[in-house]
Amino acid sequence: MDILYAPFIDYAFMRRALAATIALSFCCPAVGVWLVLRRMSLVGDAMSHALLPGVAVGFLVAGLSLSALTIGGMVAALIVAVLAGLVTRWTPLREDASFAAFYLVSLAVGVLIVSSFGTNVDLMRFLFGSILAVDDHALLLVASIGSVSIVGLAIIYRPLLAECFDPEFLKSVHAHGGRYHAAFLVLVVLSLVAAFQALGTLMAVGLMMLPAASGRFWASSVSGQILSAVAMALASSYTGLLISFHGDVASGPAIVLCAGALYVVSLVIGRRGGIIVEHLRPRHLEA
Amino acid sequence: MGASLCLTDVTVSYGRHPAVHHVSGTFDSGTLTAVVGPNGAGKSTLLKAISGLHPVDSGRIHVGEHGAGVAFLPQQSALDRSFPISVLEVVLLGHWTRVGPFGRYSRRMVEDANHALSIVGLDEFQERPVGTLSTGQLQRVLFARLLLQDASIILLDEPFAALDRRTTEDLIAVLERWHGESRTVIAVLHDHDQVRAYFPNALYLARECLAWGPTHDVLTAENEQRARTMAEAWRQDAEICERP
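Heads up: the sequence lines are chains A and B, in that order. Take any residue in the first sequence, count from 1 to its spot, add 416: that is its number in the working numbering. Take any residue in the second sequence, count from 1 to its spot, add 95: that is its number in the working numbering.
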């Protein structure tokens with residue numbers, strides 16, 4: 417039995433990794449559920465890649481300094497979000513396409529900078545994260561950003577709900593839907609920056625979108641979807657870390673794969689629209 | 096309770112093509128007015144301009160009493176019906192102007208929402224997800240939200256389109272309730288018999304105002320004939336309007 421908890425008792429780095437992923441498991445899936453509801457799943461992906469050039473510039477300037485990497489990533493992602501927003505607003509290009517264009521360019525720029533000035537180890541770390549190397553400072557950063565994102569989401573819950581469901585109503589009561597959309601994008605960036613510390617630019621979005629997509633199969637309200645997504649993210653983080661420890665495999669991908677497995681399970685046996693429920697429907701009720 | 100609404104030479108355009116062209120007149124406080132006219136006559140555009148969703152090209156829209164609230168129910172197509180939101184959550188949005196984006200709903204506000212739901216005949220529907228409602232039930236929910244908005248001026252864009260007779264009658268009763276409370280109600284409608292039966296006033300729109308006044312003076316065979324001659328599409332080679 418002790419294989420289930422011994423690694424976390426014996427090794428401080430495993431404890432820190434667990435704490436960091438628990439923090440991420442609260443904020444990332446919550447943001448992800450809103451991304452899914454707003455039909456912006458790919459935007460999350462795009463933004464996570466858009467971090468890279470900023471991180472790379474931070475790395476160029478200050479080496480592996482936590483604050484430089486964080487600030488760099490945040491600035492780059494926000495710039496991409498604003499530029500993509502402007503392109504969507506002022507040209508006929510739709511949001512997903514304009515985000516895709518910007519993130520492809522930023523990913524290329526980021527990889528170019530890191531591979532020219534850093535080592536392959538640095539590049540791998542930026543792309544796939546180094547959750548087992550999370551130190552106390554990084555842990556504090558991840559936990560703080562996670563808390564801010566959760567509180568922020570709670571504050572803009574109602575405007576987001578109204579803007580998703582009935583944007584015209586929001587306009588008719590003279591509320592500025594765009595403002596909440598912008599605040600939401602900032603929260604997306606914050607969560608991704610936190611996740612980047614642990615999972616890297618390519619895996620960060622995994623803990624965000626996979627549990628969110630799975631949550632949809634278990635609950636019919638926004639809060640229910642967020643709760644089930646968080647539960648699945650927590651389970652994936654814990655299981656993923658254990659598998660990575662005992663199986664000696666990379667931890668970030670292990671966690672994301674666990675989330676992927678839960679997604680497949682939800683897809684098949686989910687109560688709301690899962691494949692089995694849809695095909696073995698029980699007899700209908702009285703009218 | 097109501098407020099008058101004054102249009103002075105209002106033109107509303109898409110690009111440079113006017114959808115509402117030099118319309119002037121007043122919706123008196125507490126009147127119940129139907130806006131009729133062929134498709135493309137600018138009826139929806141006029142409501143959007145009044146509610147501030149579409150900019151006015153020239154002219155002026157003036158709300159009589161200062162601070163009078165305007166509530167607008169657009170056509171249903173804009174809603175995301177697959178969104179996981181409950182009936183009560185939708186109705187509570189009607190409190191928006193009082194609680195704002197972040198305020199807390201008081202117990203009283205929730206009671207008001209339940210009361211509004213029972214007025215539109217949807218007791219026991221509070222927890223139902225909107226995705227499970229029929230078209231008629233969803234329209235009842237939106238009427239409940241309008242009830243909570245408690246506005247002096249209420250704008251409805253084809254509120255009874257695609258509704259069965261019973262739902263229509265129930266919702267017309269809500270309209271008459273507002274009329275009884277002296278609110279100013281303006282509804283875009285296509286069913287002229289309905290307009291004759293329930294609406295004291297009518298505005299016949301065919302991009303320009305054909306007639307505006309008591310319904311029996313507006314819905315005449317002559318006006319219907321004139322509306323039919325309105326060109327469906329705008330002319331690409333239209334010249335610049337020189338009217339002052």
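For every residue, glycine included, the Cβ atom is placed at its ideal position computed from N, Cα and C. Owing to the predicted nature of the structure, the values given are computational and were not obtained by experimental measurement.
According to DSSP, is residue i helix, strand or coil?
| i | result |
| --- | --- |
| W273/B | helix |
| R223/B | coil |
| R155/B | strand |
| L168/B | strand |
| S682/A | helix |
| S181/B | strand |
| D582/A | coil |
| P508/A | coil |
| R176/B | coil |
| H662/A | helix |
| I335/B | coil |
| P423/A | helix |
| P627/A | helix |
| E319/B | helix |
| A599/A | helix |
| A620/A | coil |
| M456/A | coil |
| F633/A | coil |
| A239/B | helix |
| P150/B | coil |
| P698/A | coil |
| A433/A | helix |
With burial defined as no fewer than 16 other Cβ atoms inside 10 Å of the residue's Cβ, what is the status of residue i: buried or exposed?
| i | result |
| --- | --- |
| W450/A | buried |
| F648/A | The residue asked about is misnamed: residue 648/A is Met in this sequence, not Phe. With 16 or more Cβ atoms within 10 Å of its Cβ, M648/A is classed as buried. |
| T486/A | buried |
| M417/A | exposed |
| W506/A | exposed |
| H311/B | exposed |
| P706/A | The question about residue 706/A has no answer here: the residues shown for chain A are numbered 417 through 703. |
| A500/A | buried |
| E702/A | exposed |
| N296/B | buried |
| A257/B | exposed |
| A498/A | Just to set this straight, residue 498/A is Val in the shown sequence, not Ala. Per the 10 Å Cβ criterion, exposed. |
| H210/B | exposed |
| Q769/A | In this structure chain A extends from 417 to 703, so residue 769/A is not present and cannot be described. |
| D207/B | buried |
| E253/B | buried |
| D218/B | exposed |
| I691/A | exposed |
| D259/B | exposed |
For the putative contact between residue i and residue j, defined by C-beta atoms under 8 Å, what is the C-beta separation to the nearest angstrom?
| i | j | result |
| --- | --- | --- |
| L586/A | G593/A | 5 Å |
| I249/B | L241/B | 6 Å |
| V107/B | T140/B | 5 Å |
| L458/A | F515/A | 7 Å |
| D265/B | G216/B | 6 Å |
| H590/A | G147/B | 7 Å |
| V471/A | F542/A | 6 Å |
| A436/A | I566/A | Their Cβ separation, rounded to whole angstroms, is 15 Å, which puts A436/A and I566/A out of contact at 8 Å. |
| L626/A | Y679/A | 5 Å |
| C444/A | L623/A | 5 Å |
| A239/B | A163/B | About 21 Å; that fails the 8 Å criterion. |
| A493/A | V564/A | No, A493/A and V564/A are not in contact; Cβ-Cβ is about 15 Å, not under 8 Å. |
| E579/A | H597/A | 7 Å |
| L650/A | S522/A | Actually they do not touch by this definition, with Cβ atoms about 31 Å apart. |
Length-filtered (3 minimum) beta strand (DSSP E) runs lying within the region 244–316 of chain B: Along the region 244–316 of chain B, the beta strand (DSSP E) occurs as fully enclosed runs of 3 or more residues at 248–252, 279–283, 296–301 and 303–309, listed in sequence order.
Any beta strand (DSSP E) of 3 or more consecutive residues that is wholly inside the region 96–145 of chain B: Listed in chain order, they are 100–109, 112–122 and 127–131.
Any residues in the region 195–208 of chain B with a beta carbon nearer than 7 Å to a beta carbon of chain A? Which ones, in chain order? Of all residues in the region 195–208 of chain B, P196 and F197 have a Cβ within less than 7 Å of some Cβ in chain A.
For the region 142–160 of chain B, list every residue whose C-beta sits within 8 Å of some C-beta in chain A, in sequence order. Answer in chain order: S146, G147 and L148.
Going along the region 183–194 of chain B in order, which residues come within less than 8 Å of chain A, judged by CB to CB distance? Here the close residues are E184, V185, L188, W191 and T192.
Residues in the region 687–700 of chain A having any Cβ partner in chain B nearer than 9 Å: Going along the region 687–700 of chain A in chain order, one finds no residue with a Cβ nearer than 9 Å to chain B.
With 9 Å as the C-beta to C-beta threshold (strictly closer), list the residues of the region 263–286 of chain B near chain A in chain order. Residues of the region 263–286 of chain B with a C-beta less than 9 Å from any C-beta of chain A: none at all.
May I ask you to list, following chain order, the residues of the region 239–266 of chain B that have a beta carbon less than 7 Å from some beta carbon of chain A? Listed by position along the chain: nothing, the set is empty.
Please list the residues of the region 605–616 of chain A that have a C-beta atom closer than 8 Å to any C-beta atom in chain B, keeping them in chain order. None of the residues of the region 605–616 of chain A has a beta carbon lying less than 8 Å from any beta carbon of chain B.
Any residues in the region 122–133 of chain B with a beta carbon nearer than 9 Å to a beta carbon of chain A? Which ones, in chain order? Those would be none; no residue qualifies.
What residues in the region 221–241 of chain B have a beta carbon less than 7 Å from any beta carbon of chain A? Going along the region 221–241 of chain B in chain order, one finds P224 with a Cβ nearer than 7 Å to chain A.
Short-range partners of chain B found in the region 638–650 of chain A, where Cβ spacing is below 7 Å: Cβ contacts with chain B come from V638 and Q641.
Using a Cβ-Cβ cut-off of less than 8 Å, give me the residues of the region 550–574 of chain A that come near chain B, in sequence order. Across the region 550–574 of chain A, CB contacts with chain B closer than 8 Å involve I571, I572 and R574, in sequence order along the chain.
Contiguous alpha helix (DSSP H) assignments of at least 4 residues, all confined to the region 445–489 of chain A: The region 445–489 of chain A contains these whole alpha helix (DSSP H) runs: 457–478.
Closer than 7 Å, Cβ to Cβ, to anything on chain B: give me those residues from the region 438–460 of chain A, in chain order. Cβ proximity to chain B below 7 Å picks out L453 from the region 438–460 of chain A.
Return the residues of the region 587–605 of chain A that lie within a Cβ-Cβ distance of less than 8 Å from chain B, sorted by chain order. Of all residues in the region 587–605 of chain A, K587, S588, V589, H590, A591 and Y596 have a Cβ within less than 8 Å of some Cβ in chain B.
Scan the region 184–216 of chain B and note each continuous alpha helix (DSSP H) run of 4 residues or more that stays entirely inside, going in chain order. As summarised for the region 184–216 of chain B, the continuous alpha helix (DSSP H) elements at least 4 residues long and confined to that stretch are 191–194 and 202–214, given in chain order.
Of the residues that make up the region 576–587 of chain A, which ones have a beta carbon closer than 9 Å to any beta carbon in chain B? Residues passing the 9 Å Cβ filter: L577, A578, C580, F581, D582, P583, E584, F585, L586 and K587.
What are the residues of the region 622–639 of chain A that lie near chain B, defined by any Cβ-Cβ distance shorter than 8 Å? Of all residues in the region 622–639 of chain A, the ones placed with a Cβ closer than 8 Å to any Cβ belonging to chain B are A635, S636, S637 and V638, in chain order.
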